[in-house]
Amino acid sequence: MDTATDTKAAAGTASENAGHLGATTDAQSQELTDGFHLIIDALKLNGIDTIFGLPGIPITDFTRKAQAEGMRVISFRHEQNAGNAAAIAGFMTHKPGICLTVSAPGFLNGLTALANATTNCFPMILISGSSEREIVDLQQGDYEEMDQLAIAKPLAKAAFRVLHAADIGVGIARAIRAAVSGRPGGVYLDLPAKLFGQTMDAEAGRKSLIKVVDPAPRQIPAQDAVQRALELLKSAKRPLIVLGKGAAYAQTDADIRALVEKTGIPYLPMSMAKGLLPDTHEQSAAATRSYVLAEADVVMLVGARLNWLLSHGKGKTWGGKAHKDWGGQKFIQIDISPQEADSNVRIDAPLVGDIGSCVSALLAAINSNAGPNWAKPPADWLTAIAERKHKNLAKMAETLARDPTPMNFHSALAVVRDIIKANPDACLVNEGANALDFTRSIVDMYRPRKRLDVGTWGVMGIGMGFAVAAAVVSGEQVIAIEGDSAFGFSGMEVETVCRYNLPVCVVILNNNGVYRGTDVNPTGGPDVAPTVFVKGARYDKLMEAFGGVGAHATTPAELRKSMEEAIRSRQPTLINAVIDETAGTESGRITSLNPQSAKKK
Ligand SMILES: Cc1ncc(C[n+]2csc(CCOP(=O)(O)OP(=O)(O)O)c2C)c(N)n1
Ligand SMILES: [Mg+2]
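The opening residue of the sequence shown carries number 2 in the numbering used here; numbering runs sequentially from there.
Right under this line is the structure:
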């Protein structure tokens with residue numbers, strides 16, 4: 002007989018009488034607890050107070066009991082959105098976000114978000130109920146049968162299953178540690194249906210729980226690695242700092258700012274690092290990105306990986322002669338994972354440790370080496386950047402000042418830019434192709450971790466999950482700038498936004514399709530082209546269906562009025578912003594990633 006069956010037998014009539022913590026059997030006067038409560042208690046013990054999920058067998062009662070025990074349970078309309086919510090909550094708070102799903106199909110729906118979290122280094126735990134182990138393992142065809150643990154493993158940073166109530170404490174502790182320590186990521190926790198109802202002695206249960214001590218321990222960099230990085234930095238004639246979303250995640254904002262300002266080195270923020278220093282900072286080189294990437298001789302990467310988003314650190318972007326050629330620059334890479342170095346090009350000075358410890362060690366070394374005499378980068382480098390930057394900013398200002406009819410991305414986003422400037426604490430969620438790229442380049446961010454977007458994969462579908470979580474976690478106004486296609490992936494969650502009455506203002510940059518609304522079916526047949534949607538669709542009506550505020554904006558003035566009203570009222574709002582359907586380009590800025598063939602047609 003296994004422990005599960007033992008404890009179940011011992012529980013006997015107790016579970017029938019009351020079945021949860023505090024129940025007392027006449028025969029034994031034994032206080033019992035069960036799987037449901039042990040999971041809740043283990044999460045609460047570790048400061049986790051919110052669950053993003055979707056109920057159904059075998060976790061419906063769990064969601065009820067979690068709410069009854071004071072947890073915030075946010076129910077979604079599709080698990081992928083709950084998963085994305087959990088992932089971004091993890092990014093914003095350093096606590097793993099929890100996504101809770103039913104077995105097989107619910108689990109699979111959550112899995113995309115788990116994989117995306119792992120790819121983006123967001124700490125989250127996907128907890129899925131699963132079916133009868135004996136039947137699953139013999140493949141006898143149970144209700145929602147699936148070997149979920151095996152499927153989750155390659156997509157998660159770690160995956161665990163708990164079979165016995167007495168192991169719940171360990172299971173949750175391991176999941177938390179795996180999610181947040183080292184390089185954060187997505188963790189899968191498999192909880193078979195039987196586990197929830199298992200009972201055990203309440204005192205033994207309490208003792209089995211683990212409050213995780215120091216879940217994300219600091220990892221101090223070696224002094225010689227710090228010195229190596231410093232020497233390289235000192236030798237630079239045209240230095241550049243690249244701040245990645247890892248730097249934003251680290252919550253060591255003051256030190257990062259001090260490092261940038263003390264060294265006087267121009268910096269580029271990656272998309273989700275925008276606002277780590279205000280985008281209006283004089284050392285920001287974002288407006289002349291292509292110049293600094295190609296010209297810099299020493300580049301210090303802070304929590305930024307040399308993946309496709311940085312053209313793998315080579316090729317023409319980096320001043321290389323041809324597609325895969327090294328541009329000749331040297332790299333310092335600050336990263337928590339030692340395996341990150343040399344992933345694409347040689348890293349001359351890897352600085353391995355948590356970003357907070359690395360940055361403060363580097364600052365300390367700079368101060369003790371050079372003190373107030375740290376030499377700022379050569380003036381010709383700074384002047385060359387400043388000239389280009391101001392020229393490009395002036396050009397952009399001119400474009401933004403235009404007011405064409407119909408409204409285009411620029412004239413609409415000029416409004417969003419002003420709104421974020423006036424409301425710098427608002428969270429900006431952003432997805433789409435042109436809707437993403439134009440927003441990133443036009444809308445300045447002023448505070449850290451306020452820009453939440455499609456991340457490493459450029460995935461569509463994060464929009465409403467991120468928006469719900471950002472509102473729940475921060476309590477701040479959320480503004481979601483969505484392509485009309487992008488919105489479709491999670492659009493049903495506007496009901497969730499209304500249900501929880503969240504201060505979310507969704508702006509759909511509606512250009513009638515994917516990239517543009519102008520493609521035609523070359524056959525002349527009745528089907529529209531694959532990238533084209535219903536023309537003139539009124540997404541605002543969707544929000545109205547659930548009691549939120551819908552608005553239709555065809556001019557920047559109308560858009561501004563509706564956004565200001567949304568922020569003033571904090572009402573769930575969806576603004577259908579009509580954008581010139583000819584305005585976008587194929588795939589936005591990454592047209593070149595589409596496969597090309599010499600054969601035309
Ligand atoms: C999950 C997923 N499916 C498909 C894509 C491919 N994709 C990239 S952007 C995009 C939509 C672009 O259209 P829209 O959101 O309307 O933005 P626009 O360029 O029109 O502003 C799609 C489908 C993706 N990135 N992720
Ligand atoms: Mg579109």
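Even glycine gets a Cβ: it sits at the ideal position worked out from N, Cα and C.
Worksheet item: So, using beta-carbon positions, are V171 and I211 closer together than 8 Å?
Response: Yes, the pair counts as a contact, with Cβ atoms nearer than the cut-off.
Worksheet item: Fully enclosed by the stretch 91-170, which alpha helix (DSSP H) runs are 4 residues long or longer?
Response: Whole alpha helix (DSSP H) segments, 4+ residues: 105-121, 134-138, 149-153.
Worksheet item: Three-state secondary structure (DSSP) at T25?
Response: Any reading at T25 must be qualified, since the residue scores a pLDDT of 48, below 50, and its modelled position is unreliable; no value is offered.
Worksheet item: For K452, is the classification buried or exposed, using 16 other Cβ atoms within 10 angstroms of its Cβ as the cut-off for buried?
Response: Looking at the sequence provided, one finds Arg at residue 452 rather than Lys. R452 is buried by the Cβ-count criterion.
Worksheet item: What is the C-beta distance between A274 and A248, in whole angstroms, given that I count them as a contact (C-beta under 8 Å)?
Response: In this structure A274 is in contact with A248, their Cβ atoms being roughly 6 Å apart against a cut-off of 8 Å.
Practice prompt. Output the boundary residues of the alpha helix (DSSP H) element that contains D191.
Written response: Per DSSP, D191 belongs to no alpha helix (DSSP H); it is in the beta strand (DSSP E), 187-193.
Discussion item. Quick check on the DSSP output: the beta strand (DSSP E) that includes K331 runs from which residue to which?
Written reply: Per DSSP, the unbroken beta strand (DSSP E) holding K331 starts and ends at 331-336.
Fill in: Per DSSP, the bridge partner or partners of I52
Beta-bridge pairing by DSSP links I52 to V74.
Fill in: Reference E496, options H411, P573, A470, D445, closest by Cα
Shortest Cα-Cα distance from E496 to any of H411, P573, A470, D445 involves P573.
Worksheet item: How would you write the range of the alpha helix (DSSP H) that V293 sits in, first residue to last?
Response: First-last of the alpha helix (DSSP H) with V293: 290-296.
Worksheet item: Hey, does D280 have any beta-carbon neighbour from chain D nearer than 8 Å?
Response: Looking for chain D here will not work: only one protein chain is present.
Worksheet entry | Residues with C-beta closer than 6 Å to any heavy atom of ligand 1, in chain order | Going along the chain, the residues that qualify are G433, A434, N435, A436, G459, V460, M461, G462, G484, D485, S486, A487, L510, N512, V515, Y516, G585, G589.
Worksheet item: Is the number of C-beta pairs between the stretch 504-513 and the stretch 467-486 that are closer than 8 Å three or more?
Response: Counting C-beta pairs closer than 8 Å gives three or more between the stretch 504-513 and the stretch 467-486, which meets the contact rule.
Worksheet entry | S491, DSSP secondary structure in three states | S491 falls in the coil class under three-state DSSP.
Worksheet item: Short check: CB of V508 to CB of A468, under 8 Å?
Response: Against a cut-off of 8 Å, the Cβ pair of A468 and V508 comes out as no contact.
Item to complete: Starting from the C-beta of G354, find all residues in its chain whose C-beta is less than 6 Å away, skip the five residues before and the five after it, and write them out in chain order.
Response: So the list reads Q220, I221, P222, once near-sequence residues are dropped.
Worksheet entry | Presumed contact (8 Å Cβ cut-off) between L55 and G98, rounded CB distance | Taking 8 Å as the upper bound for CB-CB distance, L55 and G98 are not in contact here, some 14 Å apart.
Discussion item. Across the stretch 52-69 and the stretch 86-104, are there enough close Cβ pairs to call them in contact, namely three or more that are closer than 8 Å?
Written reply: Because the criterion of three Cβ pairs below 8 Å is met, the stretch 52-69 and the stretch 86-104 touch.
Worksheet item: Counting along the chain, where does the beta strand (DSSP E) carrying G551 start and finish?
Response: Following the DSSP letters along the chain, one finds G551 inside the beta strand (DSSP E) bounded by residues 550-554.
Worksheet item: Cα separation between I89 and A153?
Response: Rounded to whole angstroms, I89 to A153 spans 19 Å at the Cα level.
Item to complete: Reducing DSSP to helix, strand and coil, say where V604 ends up.
Response: Outside the displayed span of the chain (2 to 602) sits residue 604, for which this structure offers no information.
Practice prompt. With DSSP collapsed to three states, give me the class of S182.
Written response: Looking at S182 - three-state DSSP - the assignment turns out to be coil, as it is neither helix nor strand.
Worksheet item: What does M271 pair with, by DSSP beta-bridge criteria?
Response: None, per the DSSP bridge assignment.
Worksheet entry | Integer Cβ distance of P557 from L277, believed to fall under 8 Å | So it is not a contact: roughly 29 Å between Cβ atoms.
Practice prompt. Measure the alpha-carbon distance for V515 versus V460 and round it to whole angstroms.
Written response: Cα to Cα, V515 sits roughly 14 Å from V460.
Item to complete: For A350, write down the residues that DSSP places opposite it in a beta bridge.
Response: Checking the DSSP bridge columns, you'll see A350 partnered with I333.
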